[in-house]
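Residue numbers (the working numbering): 287 to 502. Don't be surprised by glycine CBs; every beta carbon is placed ideally from N, CA and C.
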């Protein structure tokens, strides 16, 4: 039976949001397979020492592999490099007082409550709020049409990546048996990926038994 648990994560460690805490969660599920938010093109770079930077998830999985025999698979696709306009767009966000306040609240909750917060409705609510603030900032910007178009392209890339990740998970599951798996995915994707999972379960030939971790 294909049981799979979605765990919302964050790529950087902070307080209770750390690789040891994620390790405990994964260990409690005892998966045979871990699906990772990594593109296959970069997978070896992270696990063969080519890159010195380790995300929270990679650090945790490396530690987990020392104690457990599992398969861990990249399911993401390559993310396009940010254009100069996109970089400028995010710089605009980071100078806005309301945006800074929301991000600070997110970072504080992430640090103090860790994965309990990242896997909660509160996390979804804050992501939704700062998305609305981003749109408000762009609507009032000089050259707003240019920025709004760039913003649309950014979310189109996110949409395509999420669809590809789920398709890769379902394709693997068609060809391979496992009892327990986990899917580690950044918390910013939580709401949209849950909605996509519901749609996939309606349409897919193979049915996966999804568990959404947390949801306090």
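Straight-line Cα distance separating residue j from residue i
i	j	result
residue 341	residue 299	8 Å
residue 479	residue 448	7 Å
residue 436	residue 428	14 Å
residue 392	residue 488	33 Å
residue 459	residue 446	20 Å
residue 321	residue 301	24 Å
residue 495	residue 464	11 Å
residue 395	residue 309	20 Å
residue 375	residue 399	30 Å
residue 305	residue 296	10 Å
residue 315	residue 303	18 Å
residue 307	residue 331	24 Å
residue 469	residue 358	10 Å
residue 471	residue 454	14 Å
Nonlocal neighbours in the same chain, by C-beta distance under 8 Å from residue i, ignoring five residues either side
i	result
residue 333	344, 348
residue 386	380
residue 311	293, 401, 499
residue 482	448, 449, 452
residue 493	288, 487
residue 336	330
CB of residue i within 7 Å of CB of residue j, strictly
i	j	result
residue 409	residue 473	yes
residue 382	residue 451	no
residue 424	residue 434	yes
residue 421	residue 388	no
residue 490	residue 456	yes
residue 466	residue 323	no
residue 325	residue 443	no
residue 417	residue 291	no
residue 364	residue 327	yes
Collapsed DSSP secondary structure at residue i in the structure displayed
i	result
residue 294	strand
residue 336	coil
residue 402	helix
residue 457	helix
residue 362	strand
residue 304	coil
residue 329	helix
residue 386	helix
residue 499	coil
residue 356	coil
residue 492	coil
residue 392	helix
residue 427	coil
residue 289	strand
residue 438	helix
residue 299	coil
residue 323	strand
7 Å Cβ shell around residue i - same chain, five flanking residues per side excluded
i	result
residue 329	360
Neighbourhood of residue i by C-beta distance below 6 Å, restricted to the same chain and skipping five residues each side
i	result
residue 384	419
residue 476	294, 410
residue 413	474
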